[in-house]
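In my numbering, each residue's number is its place in the sequence shown (first place is 1) plus 72.
Every residue, glycine too, gets a C-beta built ideally from N, C-alpha and C.
These numbers come from a predicted model, not from an experiment.
Structure first, then comments.
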Amino acid sequence: MKLATSSQMKELDRRAIQERGIPSIDLMERAAAGVAEAALDLLPVRPGRARASVLCGAGNNGGDGIAAARLLFLQGVRVRVFLVGRYERLTPDALEETRRLSECGVELEPFDRNSEDQAEWIAASHVLVDALFGVGLSREIAQDSAAAAAVERMNRSRGRIVAADVASGVEADTGKVLGCAVKADRTVTFTLPKVGQFVGDGALCSGQVEVRDIGIPADLVRRTACAAVTVEREYVQEALPPRKIDGHKGDFGKLLVVGGSVGYTGAPYLTASAAVRSGCGLVYLGVPESIWEIEAARCVSAMPFPLAGGGELREAALPAVMEKLEGCDVLAVGPGLGRNGDTAELVREVLKRTEKPVVLDADGINALEGHIDVLDARRDRVTILTPHDGEFARIGGDLTAGRAEAARRFALRHGCTLVLKGHRTVTATAAGTVLVNTTGNSGLAKGGSGDVLTGIIASLLAQGAAPVRAAAGGVWLHGRAGDLAAERLTAWCVTPEDVISQLPGAFREL
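Structure representation (structure tokens):
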């Protein structure tokens, strides 16, 4: 599913109105119908017994709300409409919707933050419509402004909230909260979903996002080239290489996992186990000699072997790593590795020498701190990085532009595939595309979860999946397995091992 920016949506509106001759008031009426239908759907009582509050700005988003108020009134809902702004600044279409509302006997009321009557009505409303700003908001809502007071009133109400197009206070392009934001139960967005509804805090404020067709010509929408998309099930299906009926273990990829240190013996085990469970034919696990017996006792399907080093790997392990990697298709390095200087130098040296695809996680990523040139030198080779925000910052990632844009810029600059982990993990490509994941839950916010993800991605890559599909598909599978685990166990009780155990269910769905 394509995710649009505010500028793309404004251009679509302009072309529909100016080039195709579609009256803007018609687009507004269709948008309002979607908002009103969502509000009616959220009512806990019959429309005739319900009350609603519609809070509107002076722009066309406010016009959508005013029109929705009229439609709710015609369904029997007792509705009051509050203008958070100046009447003389109403757009022509919003003025026309105000006239139509007035013809029904409902007047547009100026919002008064000091009015107890308004406060009581809003607090007791069964449903509220947020139509303050829409996609156009680009500056913070001032803390002492009427808009901030309106946002607070909506959030404190006991009613359900429907946001028209974008929850007010959410930046449509980044998902940032600009000062304060409405926490909607449902967002009815128009024509295309917006990037900010799927990433950052915007994903938390948008509630259930419903896309409404308001009559913009389909060919215009189809030709809109969006840099961000959501990862859908059909996309992930393409990440699963076919399994030969007469295949043997060598046909399904050979993966080398390098990681582990004293105190971090679980991480490499989880990575190797997830890789085996995800279909990889042969998984080798290189660990420091001091923990090899622990890994050998735990691993049944993967094959651990000892590498030179004390509690952590050293440069002395380089020949053995390179020799083993020669017979493998993919290297996954980093889980539980530790941040010893010699270990980091080992990682960098391997990255310089190997032409094989590499998945870097955890301390494998940390080894690039201050040495990003090592990554740049691999521009023509496959490198997938899977950092969380802290690791991303250590290697020069700048989150001020928002997570999706920050990931996109980094992947473009360094010629890699970047999986920026977190709520709504984003995968950015060297071509400038961003893929936003929508599976997963808070049960995955536990130590070891990222190690499982690394194993899934590396396994798909070793089996022949294209790098971007392996990365984004692996994220989807990891999240979906986490969802299945949470359904059985609750998010509180999910462990990384539980996620691995639910991978078969996620694969079966594909």
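Quick one: measure Cβ to Cβ for residue i and residue j, integer angstroms, because I've assumed they're closer than 8 Å.
| i | j | result |
| --- | --- | --- |
| R108 | L144 | Just to set this straight, residue 108 is Ala in the shown sequence, not Arg. Yes, they are in contact, since the Cβ atoms of A108 and L144 sit about 5 Å apart, within 8 Å. |
| A196 | R121 | With a Cβ gap of about 12 Å, A196 and R121 do not count as contacting. |
| R258 | A221 | Between A221 and R258 the Cβ distance is about 23 Å, and since that is not below 8 Å, they are no contact. |
| S278 | V242 | 7 Å |
| L47 | R451 | Outside the displayed span of the chain (73 to 582) sits residue 47, for which this structure offers no information. |
| S333 | G383 | 6 Å |
| A530 | V431 | 4 Å |
| A389 | L327 | A389 to L327, Cβ: 18 Å. No contact. |
| T497 | V566 | That pair is no contact at about 17 Å. |
| G247 | G272 | 3 Å |
| G325 | G287 | That pair is no contact at about 48 Å. |
| C488 | L532 | That belief does not hold up - the Cβ atoms of C488 and L532 are roughly 17 Å apart, past 8 Å. |
| R161 | A203 | At roughly 15 Å, the Cβ-Cβ gap does not stay under 8 Å, so R161 and A203 are not in contact. |
Can you give me the Cβ contacts of residue i inside the same chain, cut-off strictly under 7 Å, excluding the 5 residues immediately before and after it?
| i | result |
| --- | --- |
| A578 | L549, R552, A553, L556 |
| R152 | S125, E181, W193 |
| R411 | D435, N438 |
Is residue i buried or exposed, if buried means 16 or more other CB atoms sit within 10 Å of its CB?
| i | result |
| --- | --- |
| E193 | Note that residue 193 is Trp in the sequence shown, not Glu. Answer is buried; the Cβ neighbour count reaches 16. |
| H320 | exposed |
| I138 | buried |
| Y356 | buried |
| G413 | exposed |
| L146 | exposed |
| G274 | buried |
| K255 | buried |
| C128 | buried |
| D268 | According to the sequence provided, residue 268 is Gly. The question's Asp does not apply to it. Buried, because 16 or more other Cβ atoms sit within 10 Å of the Cβ of G268. |
| P116 | exposed |
| Q309 | exposed |
| T562 | exposed |
| I213 | buried |
| T263 | buried |
| D189 | exposed |
| K82 | exposed |
| D470 | exposed |
| Y336 | buried |
| G381 | buried |
| S448 | This sequence places Asp at residue 448; Ser is not what is there. Exposed, because fewer than 16 other Cβ atoms sit within 10 Å of the Cβ of D448. |
| E463 | buried |
| K266 | buried |
| K225 | As written in the sequence, residue 225 is Arg, which differs from the Lys given in the question. Buried, since its Cβ has 16 or more Cβ neighbours within 10 Å. |
| P314 | exposed |
| S229 | buried |
| P360 | buried |
| I607 | For the chain, the structure presents residues 73 to 582; residue 607 sits outside this window and is missing. |
| G520 | buried |
| D216 | exposed |
| Q535 | buried |
So, at 6 Å on beta carbons, what are the nonlocal neighbours of residue i in its own chain, with the 5 sequence-adjacent residues on each side left out?
| i | result |
| --- | --- |
| V454 | P429, P539 |
| G527 | T343, A346, A347 |
| V583 | As shown, the chain starts at 73 and ends at 582. That puts residue 583 outside it, with no answer to give. |
| E616 | Because the chain is modelled from 73 through 582, residue 616 falls outside the range shown and cannot be assessed. |
| G206 | N133, D237, V238 |
| S96 | I89, D165 |
| R349 | I572, L575 |
| A500 | A479, R480, A483, L490, V506 |
| S373 | V348 |
| A544 | V303, T499, L507 |
Name, in chain order, the residues that DSSP records as bridge partners for residue i.
| i | result |
| --- | --- |
| E101 | Looking at the DSSP assignment, E101 forms no beta bridge with any residue, so it has no partner. |
| A328 | The residue you asked about is not Ala; residue 328 is Leu in the sequence shown. Answer by DSSP bridge pairing, in chain order: Y356, L403. |
| A124 | V151, V199 |
| S333 | Y336 |
| L507 | V301, T499 |
| A76 | K266 |
| Q280 | R258 |
| V27 | A query on residue 27 cannot be resolved here, the shown segment of the chain reaching from 73 to 582 and no further. |
| A344 | Paired residue(s): none; A344 is not in a bridge. |
| V293 | Note: V293 sits in no beta bridge, so no partner. |
| V308 | None; V308 has no bridge partner. |
| A236 | V260 |
| V431 | A404, I456 |
Enumerate in chain order the residues of its own chain whose CB-to-CB distance from residue i is below 8 Å, with the five nearest sequence positions on each side excluded.
| i | result |
| --- | --- |
| G494 | H460, D461, R475 |
| C371 | Y341, A344, S345, L357 |
| I444 | I467, G468, H486 |
| T142 | Here residue 142 is Arg; the residue named in the question, Thr, does not match the sequence. Taken in chain order, the residues that qualify are A104, E169, R172, L173, C176, V178. |
(request) Please go through the region 140 to 185 and give each complete alpha helix (DSSP H) segment of 4 or more residues, from N-terminal end onward. (result) Listed in chain order, the complete alpha helix (DSSP H) runs (minimum 4 residues) inside the region 140 to 185 are 164 to 175.
(message) Threshold first: 4 residues or longer. Then list the alpha helix (DSSP H) segments lying entirely within the region 207 to 234, N to C.
(response) 218 to 228
(request) Only counting runs of 3 or more residues, tell me where the beta strand (DSSP E) segments fall wholly within the region 433 to 501, in order along the chain. (result) 455 to 457, 489 to 492, 498 to 500
(request) Report the residue ranges of all alpha helix (DSSP H) runs contained in full by the region 367 to 414; include only those spanning at least 4 residues, in chain order. (result) 390 to 398
(message) Please give me, in chain order, every unbroken run of the beta strand (DSSP E) with length at least 3 that falls completely inside the region 504 to 557.
(response) 506 to 508
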